[in-house]
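Data block below; observations after.
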Amino acid sequence: MLGTASTNGYFTRLNPAWEQSLGWTREELMAAPFISFVHPDDVESTTESAIGLATPGSPPAISFENRYRTKDGAYRSIEWTTVAEADVLYFVATDVTERRAAQTADEEAEQLIHRSEALHRTLTANLPDTSVFLLDQDLRVLVAEGEAIRRLPWSDEDQFRGRKVTELFGEIPDDVVQLSIDSYRAVLAGERRAFEFLSAGMTMAVQAVPVRADDGTVESALVVVRDVTERTNAEQLIARRAQQQKAVAELGHFALQSHDLPGLMAEAASTATATLGVEGAVVFQLGEGGESVSMVAGAGLPEGSLGPRRFPLSDSAEVGYTISTGEPVIVEKMETEARFKPSLEVLELGVVSSLSVPIEGRSRPFGVLNVHTYEPRPFSEDEVDFLTAIATLVAVAVERDREEQATRHAALHDPLTGLPNRTLVLDRLGQALARRRREGVEVSVLMLDLDRFKNINDSLGHAAGDEVLLAVAPRLTDAVRPADTVARLGGDEFVVICPDVDGTRGATEIAKRLASAVNRPLMLNSGEHFFTVSTGITLATSDEDSPDSLLRDVDAAMYRAKERGRGRYELFDDAMRTGVMARVRTETELRRALDRGELTVWYQPVIDLETGRPVSAEALVRWEHPERGLIAPMEFIPVAEETGLIAELGLHVLEQACRQTAAWQRQLGRPLGVSVNVSGRQVSNPAFPTQVAEIVERSGLRPGTLALEITETVLMDDEADSPTTVLGALHEHGVTLALDDFGTGYSSLSRLKNFPLDVLKIDRSFVSGVETNADDRAIVKATIDMAHAVGLKVVGEGVETTEQGDYLRASGCDQAQGYLYARPQPAQAITEFLAAP
52 MLGTASTNGY FTRLNPAWEQ SLGWTREELM AAPFISFVHP DDVESTTESA IGLATPGSPP
112 AISFENRYRT KDGAYRSIEW TTVAEADVLY FVATDVTERR AAQTADEEAE QLIHRSEALH
172 RTLTANLPDT SVFLLDQDLR VLVAEGEAIR RLPWSDEDQF RGRKVTELFG EIPDDVVQLS
232 IDSYRAVLAG ERRAFEFLSA GMTMAVQAVP VRADDGTVES ALVVVRDVTE RTNAEQLIAR
292 RAQQQKAVAE LGHFALQSHD LPGLMAEAAS TATATLGVEG AVVFQLGEGG ESVSMVAGAG
352 LPEGSLGPRR FPLSDSAEVG YTISTGEPVI VEKMETEARF KPSLEVLELG VVSSLSVPIE
412 GRSRPFGVLN VHTYEPRPFS EDEVDFLTAI ATLVAVAVER DREEQATRHA ALHDPLTGLP
472 NRTLVLDRLG QALARRRREG VEVSVLMLDL DRFKNINDSL GHAAGDEVLL AVAPRLTDAV
532 RPADTVARLG GDEFVVICPD VDGTRGATEI AKRLASAVNR PLMLNSGEHF FTVSTGITLA
592 TSDEDSPDSL LRDVDAAMYR AKERGRGRYE LFDDAMRTGV MARVRTETEL RRALDRGELT
652 VWYQPVIDLE TGRPVSAEAL VRWEHPERGL IAPMEFIPVA EETGLIAELG LHVLEQACRQ
712 TAAWQRQLGR PLGVSVNVSG RQVSNPAFPT QVAEIVERSG LRPGTLALEI TETVLMDDEA
772 DSPTTVLGAL HEHGVTLALD DFGTGYSSLS RLKNFPLDVL KIDRSFVSGV ETNADDRAIV
832 KATIDMAHAV GLKVVGEGVE TTEQGDYLRA SGCDQAQGYL YARPQPAQAI TEFLAAP
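In my numbering, the protein residues as written are 52 to 888.
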């Protein structure tokens, strides 16, 4: 009778012989726990046998006998041999009721062997890859059945029965033989044993248990041998993959924690070598041109192999082949490789087998990760996957490094020319000054400005200007020494840092070479162009010099060169140093003055020439210095323009002027106007109209009574953004726009009509000459007439005599201001004048 049972105590499968022996149907037997059919006296021994099978480490097979209840209430003696496999109990049950009553002890022994043989055949037939042996006390084979027998290198494999097991070992290693014999003898002494051994590439698992007679003595040993090679291989594969995954995870953690690309590549090579158990690993980097490679990292390599040395890609055929295919390349035997010709260097090193995988970048390949051995080595698919994962980590790190380099380059270089920008100039200059303090070498800085570059932008547009700058930049770079730095600060201004220069003589020689390079004709898409260059030169002369101070000094020298005729160079000298230091002092004190409220607003009335009454006042800033007294605007306004403080200063003046004028308007009960000068920086700021509107609203100034005065140079300056949009927005806010100092610039009334102007102010240089100079009188009269023709009011500035005022009134001028009427005065001093009827 055959069957199976689950560990919860129920039959799960029975053959028809059970019904014939016990009278129960198979369904009835499987419906109740099988222990419920056992004779009460045999329940305990049967339970112990079942528990023994379910206990971890127990033998795979147990034999026992009990009495089993039939359907008519009788009991039959059943002999069981049970084998545990996973969660299933396999058993062979034999009804021995009649034989127990009739057989003698010798017959029972003989039948035991026959039953055991049948049992073993049944078990081995139902358990593939398993063999069962029964050994007597002399280690003779009583029974031998199963598939595993034919897989082992036994001698005389067809003649087992009756022979001692010690005679059957053929090519099995001696240590395995000794382990087997010691285990079997221990089992015959009553112990249980289990062990595994490796033979002929197979892994065998052995479990041996004692088989006891009715009196409890051990009469034989039951040995179950199973071929677990597939299971062992699977476990080893899982372990290898787990090791590989752990190695990849650790390398990935290293990559996340560190931005050291060379260190990561060295760690990748070491990880590949240790995990795969190979002799060496190399990271090859492809050159920029794609024609050469270098060994940038490795493990297990001969000393001196790594370094900056590059060699042609053709000399490393395996690397080239891997890059060209973009696929992993396995070489099982280097000498017989047919896809490419191995390099002589590789063969001389004794490399026999290798595996190469590409390190791919998003835009271009980085190189190849290669591992190699000096003995034949087949590389499996999971090993290829592992090395590819390592290469992918390196590729990700390479891309991250490339992106960081690109970001750093963009932050430190001019986007148009690719030259260093101001940030990098300050850094390089700082390094040069540190070397000067350390080694005593001289450092020179040159600043160049292309003369009349503005004409290109004006006539041909900014694209042509960019084309000029792109052509000039490499000329400047080629004209200096390799250690020098050429940078673009913005616009058409370039800076050259010259460390270790031969004093003034060396610096001027470099200036001449740079001028010569620029002076050569430029043949561009926009035509042929000729340029000269104005150059400033300064040398570091003190340990107190800083990058900022040198740039400030060389800027002053460059502007001196432009002032003195262009196309020349000027050395920064003591006179310029004095001027620069004065400006620096003024800048520092001006910043404090804004915070301390030292800047105040004075006012000069503007008179209506028809009525003689004041109709508005021009706001003029004054600096009441606590130590230097009243400082004239011409001393600090240019500094404010250069440093960018003019924007803050301008809003400060506008706020004060609007508040004061609003107070006058309330006091006088009439719409007195106020005019405020604004700078080019303010007019080029898109936010300026909104700022003005907010100040007017806060101050309570009557609508339409604020005028902003702009100079011709602001309107004509095309290097800055066009002010037209900002002026238009101011006009929409109800602000009057006045052109100040007309006649001192290069504008014309025909051009000025393109801007939303309301008032034109004739410069004092023309007004002062109307008494004695016929040309000035003609110019003033013509200007008044043409301004009226285009709808502009006219204000005459700098009126100092009655004759000048009379001429302006007779010529139709609308308004005037000057010492004839009132000097600029503080608000409280001029209030009475403004209130006069």
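Note that beta-carbon positions come from the ideal geometry of N, C-alpha and C, so glycine has one too.
Residue i classed as buried or exposed, judged by whether at least 16 other C-beta atoms fall within 10 angstroms
i: residue 574; result: exposed
i: residue 783; result: exposed
i: residue 460; result: exposed
i: residue 125; result: exposed
i: residue 546; result: buried
i: residue 771; result: Confidence in residue 771 is poor, its pLDDT being 43 and thus under 50, which makes the residue's placement unreliable; the coordinate value appears in the next sentence. By the 10 Å Cβ count, residue 771 comes out exposed.
i: residue 870; result: exposed
i: residue 119; result: buried
i: residue 581; result: exposed
i: residue 506; result: exposed
i: residue 579; result: exposed
i: residue 295; result: buried
i: residue 284; result: exposed
i: residue 856; result: buried
i: residue 769; result: Here the model assigns residue 769 a pLDDT of 44, short of 50, so the residue's position is not dependable and the matter cannot be decided.
i: residue 685; result: exposed
i: residue 255; result: buried
Delimiting residues of the alpha helix (DSSP H) encompassing residue i
i: residue 507; result: 504-511
i: residue 304; result: 280-308
i: residue 372; result: 368-376
i: residue 784; result: No alpha helix (DSSP H) holds residue 784; DSSP gives it neither H nor E.
i: residue 233; result: 225-239
i: residue 690; result: 684-694
i: residue 878; result: 878-886
Three-state secondary structure (DSSP) of residue i
i: residue 155; result: The pLDDT assigned to residue 155 is 49, lower than 50, so where the model puts this residue is not dependable; a value taken from the coordinates is nonetheless given after this. Note: residue 155 maps to coil in three-state DSSP.
i: residue 864; result: coil
i: residue 195; result: strand
i: residue 613; result: helix
i: residue 356; result: coil
i: residue 65; result: strand
i: residue 251; result: coil
i: residue 245; result: strand
i: residue 743; result: helix
i: residue 406; result: strand
i: residue 819; result: coil
i: residue 90; result: coil
i: residue 769; result: Note that residue 769 scores 44 on pLDDT, short of 50, meaning its location in the model is unreliable; the coordinates nonetheless yield the value given after this. It is coil, neither helix nor strand.
i: residue 659; result: strand
i: residue 699; result: helix
i: residue 764; result: helix
i: residue 101; result: helix
i: residue 775; result: helix
i: residue 175; result: Summary for residue 175: the model assigns pLDDT 46, below 50, so the residue's position carries little reliability, and this model does not support an answer.
Sub-8 angstroms separation of residue i and residue j beta-carbons
i: residue 331; j: residue 349; result: yes
i: residue 586; j: residue 623; result: no
i: residue 347; j: residue 361; result: no
i: residue 814; j: residue 787; result: no
i: residue 733; j: residue 701; result: yes
i: residue 182; j: residue 260; result: no
i: residue 850; j: residue 866; result: no
i: residue 468; j: residue 539; result: yes
i: residue 68; j: residue 81; result: no
i: residue 804; j: residue 841; result: yes
i: residue 318; j: residue 302; result: yes
Endpoints, the beta strand (DSSP E) within which residue i is located
i: residue 570; result: No beta strand (DSSP E) holds residue 570; the alpha helix (DSSP H) holding it covers 554-570.
i: residue 188; result: Segment: none, residue 188 is in no beta strand (DSSP E) and carries neither H nor E.
i: residue 667; result: 665-676
i: residue 540; result: 536-541
i: residue 399; result: Here residue 399 belongs to no beta strand (DSSP E); instead the alpha helix (DSSP H) covers 395-400.
Next on the checklist: Quick check on the DSSP output: what are the complete beta strand (DSSP E) runs of length 3 or more inside the segment 418-503, in order along the chain?
Outcome noted: 418-424, 494-501
Next on the checklist: As an exercise, report each continuous beta strand (DSSP E) stretch of at least 3 residues that is fully enclosed by the segment 307-342, in chain order.
Outcome noted: 331-337
Next on the checklist: Suppose only complete runs of 3+ residues qualify. What are the beta strand (DSSP E) ranges in the segment 823-862, listed by chain order?
Outcome noted: 844-847
Checklist entry - Mind pulling the alpha helix (DSSP H) runs of 4 or more residues that sit fully within the segment 701-742? => result 731-734
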